[in-house]
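Undergrad:
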Amino acid sequence: MGNNQSAMSDPLPRNRMLWPMLMACMLLGVGVIAGQARADVLTDIAHLFPATPRSYVQASALLRELGETSPLLTVQSIGQSHGGRDIWLATVTDPDYPSQDKIRLFIIARQHGNEPAGTTAALGLLAHLVRATSPAERALLAQFQISVVPIANPDGAVSGRRANGHNVDLNRDWGKFTQPETKAIRAAVHRRMAHAVVDLHELPAHSSKRSYQENFIETIGAHGSLPAILCDNTVAASHNISYWMSKYSYPLNVYYDYPGESLRMCHRYWGLSEGRLAFLCETKTGRGRSLGQRAGFHVLAILGIINYLGRQQSSALQAAVPELDRPAAPAEAVTSSPPLETPLRLSLGLEPYSGADGPQVLVRTQVEGSGDFGFVMIKLNGTTKALTNERNGRCLLNTGNLAAGAYAISAEVHDADGMVLVAQQATLNLPLTDLQVAE
Ligand SMILES: [Zn+2]
């Protein structure tokens, strides 16, 4: 379990001095800062995206420039790639506040050299935050230390290839650490004592894998050997991300890892081996999905996590203020949520599916009727396994490591506050050749 203990005994910092700033910090995740003549934060950041991906040399020059002009940003090399190129670590924070009191987020982009959206998102976010002048953003930098590796695979970025200069897929090297890139990044996450790790990727335009058909996020979810608070935080953080993705009309599925999953992928290594909050963010490429749109998905995911973590800390401080536990919805959005007497209807269907990942079941959910909802949650024997913010949802559940028997699959439509509006149940009989659906 590696450094599990140190990560677990190092919970999110709680500092009452920060409380006045937390209220402002909550607002950053809210697209429009109410009552201020200020543009939408995602639009602000998207203005900083280039039309085409920056090269490794251009990205390095931008980092240098930002680091030289802002006291909020430091840039350092944490090692060299197989091909001898520097791996940059940029850290944005307000240095006037002690780092041990901060929530420490670590963002990894472009482990796969041919996936530039994560780099675009990371550089846009950094460039935005170093110029931050609004109270909300200054409060965020007082509360958070955000460490970013914008190009984890410099050799792959230069050659336009997925693998590194030694022809190794870096996102299958975690746990083994045979490559200089994964070694250097792991050491940097440890030095930073990061509470949460976010890994940014892109999905191919065409893939036979059904789980690759839409943007998705993968995180830990329920896991018997990890502290419940950690699992709860990953589930709740993904609710918040889903909420914001819906606000900005980004389709999203969320998948939760569980025992038996490969630890060779970055987010699973950090989540399952080291017990840290960890998120894999995959934005879909293809027709109509520009670099800016794809990078926007990553920025929203990061802001959703920041927004959740900021509120989590404040809700621990201020248990007497119950509205802090809700998604950070502007007042008008809360009042427009459908009432519990909902006009929404939900249908649920299960289909066996056997792909490269082994036996799986495709869970189809369809929400009908007028009215908003927050997300649809899929549970297996009461444990949350996936969620989607789409009306026509398609989520895959791995069944390869489940014993033969009957399992209860339930789907629940939640409102933005997490209240269940309508639910359906079905029975999954394994093995899948005996699949039956009973409503
Ligand atoms: Zn990737």
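Residue numbers in the sequence shown follow our numbering, run continuously in steps of one, and reach 515 at the last position.
Beta carbons are placed, not taken as given, at the ideal position from N, Cα and C, and that holds for glycine.
Just so it is clear, the structure is predicted and the values come from calculations on it, not from any experiment.
Taking buried to mean at least 16 other C-beta atoms within 10 Å of its own C-beta, is residue 392 buried or exposed?
TA: Bear in mind that the predicted position of residue 392 carries a pLDDT of just 41, short of 50, making it unreliable; the figure below should be weighed with that in mind. Its Cβ having fewer than 16 others within 10 Å, residue 392 is exposed.
Undergrad: Pick out the complete beta strand (DSSP E) segments inside the region 173-241, 3 residues or longer, and give them in chain order.
TA: Runs of the beta strand (DSSP E) inside the region 173-241: 179-185, 220-225.
Undergrad: In the DSSP assignment, the alpha helix (DSSP H) including residue 306 goes from what residue to what residue?
TA: From DSSP, the alpha helix (DSSP H) with residue 306 extends over 304-323.
Undergrad: Assess, as a yes-or-no matter, whether the region 255-270 is touched by the region 359-376 under the definition of 3 or more beta carbon pairs within less than 8 Å.
TA: No, they do not touch.
Undergrad: Tell me whether the beta-carbon of residue 339 lies closer than 8 Å to the beta-carbon of residue 345.
TA: Contact: yes.
Undergrad: Would you check whether ligand 1 has a heavy atom nearer than 7 Å to the C-beta of residue 187?
TA: Residue 187: yes, Cβ under 7 Å from ligand 1.
Undergrad: Any idea if residue 143 is buried or exposed, counting beta-carbon neighbours within 10 angstroms, 16 or more meaning buried?
TA: By the 10 Å Cβ count, residue 143 comes out buried.
Undergrad: Where do the N-terminal and C-terminal ends of the beta strand (DSSP E) with residue 166 fall, by residue?
TA: Unbroken beta strand (DSSP E) run through residue 166: 162-168.
Undergrad: Provide the residue(s) that pair with residue 355 in DSSP beta bridges, ordered along the chain.
TA: Beta-bridge pairing links residue 355 to 274.
Undergrad: Quick check: the Cα distance between residue 180 and residue 223, rounded to an integer number of angstroms?
TA: Straight-line Cα distance between these residues: approximately 8 Å.
Undergrad: Below 8 Å on the Cβ atoms is my contact criterion, and I expect residue 221 with residue 178 to pass it. Report the Cβ-Cβ distance as a whole number of Å.
TA: Contact holds; Cβ gap of about 4 Å.
Undergrad: Would you call the region 459-475 in contact with the region 420-440, where contact means no fewer than 3 C-beta pairs closer than 8 Å?
TA: The region 459-475, when compared against the region 420-440, does touch it at the 8 Å Cβ threshold.
Undergrad: Can you say whether residue 521 is buried or exposed, counting buried as having 16 or more other CB atoms within 10 angstroms of its CB?
TA: Residue 521 falls outside the range modelled here, since the chain spans only 77 to 515, and no answer is possible.
Undergrad: Do residue 243 and ligand 1 come close, with the Cβ less than 7 Å from some heavy atom?
TA: No.
Undergrad: Can you give me the C-alpha to C-alpha distance between residue 249 and residue 386, rounded to a whole angstrom?
TA: Taking the straight line joining both Cα atoms gives about 31 Å.
Undergrad: Taking the CB atoms as reference points, tell me whether residue 503 and residue 482 lie closer together than 8 Å.
TA: Their beta carbons are under 8 Å apart, which means residue 503 touches residue 482 by this criterion.
Undergrad: Identify the continuous beta strand (DSSP E) that holds residue 440 and give its terminal residues.
TA: Unbroken beta strand (DSSP E) run through residue 440: 434-444.
Undergrad: Kindly examine ligand 1 and report whether one of its heavy atoms sits closer than 7 Å to the Cβ of residue 444.
TA: No; taking the cut-off as 7 Å, the Cβ of residue 444 has no heavy atom of ligand 1 nearer than that.
Undergrad: Please classify residue 204: is it buried, with 16 or more other beta-carbons within 10 angstroms of its beta-carbon, or exposed?
TA: Classification of residue 204: buried, given that the 10 Å Cβ count is 16 or more.
Undergrad: Give the single residue among 342, 467, 317 whose Cα lies nearest to the Cα of residue 330.
TA: When each option's Cα is compared against that of residue 330, the closest is 317.
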